[in-house]
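Chemist:
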Amino acid sequence: MKNNTVTIIGGGLAGSEAAYQLLKRGFKVVLYEMRPEVMTPAHKTDYLAEIVCSNSFGSSDPNTSGGVLKRELKLLDSLLLKIGEKSSIPAGHALAVDRELFSKRITEELEKFENLTITRKEITKIPFDSPVIIATGPLTSKELSFSLMKFTGRENLFFYDATSPIVEVSSINREIVFPASRYDRGGEDYLNAPFTEEEYKRFYTELLNAEKVPLKEFEKHLFFEACLPIEELAARGERTLAFGPLKPIGLTDPRTGKMPHAVVQLRQDNLAAEHYQLVGFQTRLTWSEQKRVFRLIPGLEKAEFVRYGVMHRNSYINAPLILNRFFQSKDIKDIFIVGQLSGLEGYVEAIASGLYAGIMMAKHLNNEKLVAPPRSTALGALGYYLENANYKNFQPTKFVFGLLEPPGIKIKDKRDRRRYLSQKAAEQFDFWMKNFL
Ligand SMILES: Cc1cc2nc3c(=O)[nH]c(=O)nc-3n(C[C@H](O)[C@H](O)[C@H](O)COP(=O)(O)OP(=O)(O)OC[C@H]3O[C@@H](n4cnc5c(N)ncnc54)[C@H](O)[C@@H]3O)c2cc1C
């Protein structure tokens, strides 16, 4: 064994799970958590693994993406999932937890380990003298952000997330939406949803009146001219969108032979071919309003949203340039970066990354070969995404079916496809655990 002590910075969801995985494998862990000495704008307590907002960990149904990911975490003995289930409150197929009980129990469980030292202190510099897992989350403190910037390169650490919604291509009405690039340049890279003047006016009015997620105090400085939410742009006047992100210029609707009044362009996601993203639609509309208003776009009447748009404060790195599929730095193998900071989104994804990196750090320090689960599994797909996503337009992701290796056969019905992918994930994960763990 090279070293039997691991430093973990950040005792949130990812850091707490990573600590547990290392502790139970006999490693010593020094966990630095800055609360309550220094609080983030969202946390309220000094517990480890505090949940900052909703108390839901999403679906546990085995044929949903949430269910697939949770199955893998359960098989790998996730402490946070185990305690989540023990602290659960009724919520149908979803796993919802009593937030106070959850974090309190995690803290108590971890404190039982004699090989754990918890130090309540803000870390301001990445330590390079020992193996370290950085798990400081979306609200990583300022000083550490500077140190991270030095490590990743200034341009590869982001401080907010502005993501446009993504829809499933099979739910787009192709009789209305047509493939084309502006002025026929660049092949048929985009799908184009054309508006008549009347359709545009209706969409515009609904967009203006739609309900928005209120800005938190610490997010008030978030918008700048290059990245305004679509509804803010719309508020500047009726034609602003039609001259901006919805400009129709250079596009001809094949149904009419004319330039439409306005156009929403959709671009293919670079890894998940079944997913198309609405270009320039970063938004703070609530998710239910996104579904209602964006379905007024011609051809998207029945759009299935894989992911809704968000705009929020979020520190994350440009993972494809920095990490390999094990959440390990490509340059310095003793450094792992996990959780929201690694470019994942969501509670369960943060737990998953902490768990996976904890196991991989243990293997790395034991000089064992690291073998990733295949891309047809949830953990494999998340690691694959971070390593292979387009670094020029890298955006954080939740685990969704579209990240999995495509099925290789055509399955028309969505539910059948999901069942097939879930089963394949289960088989491949079991094989990986048996042979490579
Ligand atoms: C306001 C807000 C609301 C969110 N709501 C949801 C939601 O409803 N559902 C969902 O699925 N996801 C949500 N997320 C996204 C994400 O899932 C959570 O932020 C999740 O907690 C991320 O886990 P993490 O382990 O990466 O970070 P965290 O759980 O935030 O853990 C990071 C820890 O590091 C500590 N820390 C930071 N800097 C330092 C330092 N320099 N030294 C020592 N300690 C440090 C922090 O105090 C914190 O305890 C939300 C995010 C935010 C910001």
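Count along the sequence shown from 1, then add 498; that gives the number in my numbering.
We put the CB at the ideal spot given by N, CA and C, even for glycine.
Let's test the definition: count the other Cβ atoms within 10 Å of the Cβ of Q921 and tell me whether it reaches 16, buried, or not, exposed.
Modeler: exposed
Chemist: At which residues does the alpha helix (DSSP H) containing R569 begin and terminate?
Modeler: 563-573
Chemist: Could you say which of S669, N933, L726 lies nearest to V808 if we only look at CA atoms?
Modeler: L726
Chemist: Once the 5 residues before and after Y918 are set aside, which same chain residues still bring their CB inside 7 Å of it?
Modeler: P905, I909
Chemist: With DSSP run on the structure shown, which of helix, strand or coil describes E669?
Modeler: Rather than Glu, the amino acid found at residue 669 in this sequence is Ser. Here S669 sits in helix by DSSP.
Chemist: Can you give, in chain order, each stretch of the beta strand (DSSP E) that sits fully within the segment 517-544 and has at least 3 residues?
Modeler: 526-531
Chemist: Look up L577 in the DSSP assignment and give the residues it is bridged to.
Modeler: According to DSSP, residue pairing for L577 in a beta bridge does not occur.
Chemist: From the DSSP secondary-structure annotation, give me the bridge partner or partners of V804.
Modeler: The partner list for V804 (beta bridge, DSSP) is empty, contrary to what the question assumes.
Chemist: Rounding to the nearest angstrom, what Cα-Cα distance links A855 and V836 in this structure?
Modeler: 7 Å
Chemist: Using beta-carbon positions only, say whether E531 and K610 come within less than 9 Å of one another.
Modeler: Result no, Cβ atoms of E531 and K610 do not sit closer than 9 Å.
Chemist: Just checking my contact of R811 with Y658 at CB under 8 Å: how many whole Å lie between their CB atoms?
Modeler: Indeed they touch by this definition, with Cβ atoms about 5 Å apart.
Chemist: Once DSSP output is grouped into helix, strand and coil, what is the label at K710?
Modeler: strand
Chemist: Looking at F824 and I631, is the spacing between their C-beta atoms short of 9 Å?
Modeler: I631 places its beta carbon 9 Å or farther from that of F824.
Chemist: Does DSSP classify M757 as helix, strand or coil?
Modeler: It is coil, neither helix nor strand.
Chemist: Return the chain-ordered ranges of every beta strand (DSSP E) run that is complete within the segment 832-863 and spans a minimum of 3 residues.
Modeler: 833-835
Chemist: Judging by CA-CA distance, which residue of L521, P743, Q519, F555 is the nearest neighbour of E843?
Modeler: F555
Chemist: Distance, Cα to Cα, N671 vs I747?
Modeler: 22 Å
Chemist: For D928, write down the residues that DSSP places opposite it in a beta bridge.
Modeler: None; D928 has no bridge partner.
Chemist: Along the chain, where does the beta strand (DSSP E) that runs through V595 open and close?
Modeler: In the DSSP assignment, V595 falls within the unbroken beta strand (DSSP E) covering 592-595.
Chemist: I want to check one thing, is the minimum distance from the CB of K619 to the heavy atoms of ligand 1 below 8 Å?
Modeler: Yes; taking the cut-off as 8 Å, the Cβ of K619 has a heavy atom of ligand 1 nearer than that.
Chemist: Mapping the DSSP letters down to three states, classify G742 as helix, strand or coil.
Modeler: Coil, per DSSP.
Chemist: Between which residues of its own chain and I507 is the CB-CB distance below 6 Å, once the five residues before and five after are set aside?
Modeler: Y530, I621, I632, T634
Chemist: Note down, in chain order, each residue of its chain lying with its Cβ closer than 6 Å to the Cβ of W930, except the 5 sequence neighbours on either side.
Modeler: P871
Chemist: Evaluate A879 with the Cβ neighbour count: other Cβ atoms within 10 Å of its Cβ, from every protein chain shown; 16 or more gives buried, anything less gives exposed.
Modeler: buried
Chemist: On a CA-only basis, which of K745, L573, A691 is nearest T875? Give me that one, please.
Modeler: L573
Chemist: Tell me whether the segment 677-690 and the segment 745-765 touch, counting them as touching only if at least three CB pairs, one residue from each stretch, are closer than 8 Å.
Modeler: yes
Chemist: Keeping to the same chain, check which residues put their C-beta closer than 6 Å to that of I616; ignore five residues upstream and five downstream.
Modeler: L529
Chemist: What residues in its chain sit with their C-beta under 8 Å from that of T503, if we drop five residues either side in the sequence?
Modeler: F525, K526, V527, V528, S628, P629
Chemist: Answer yes if the segment 577-592 comes into contact with the segment 858-870, meaning at least three C-beta pairs across the two stretches below 8 Å, and no otherwise.
Modeler: no
Chemist: Which residue from F600, Q788, K912 puts its Cα closest to that of N707?
Modeler: Q788
Chemist: Which same chain residues end up closer than 7 Å to F892 when comparing Cβ atoms and leaving out the 5 residues on each side of it in sequence?
Modeler: N816, A817, P818, G841
Chemist: Which residues does DSSP list as the beta-bridge partners of F656?
Modeler: Y814
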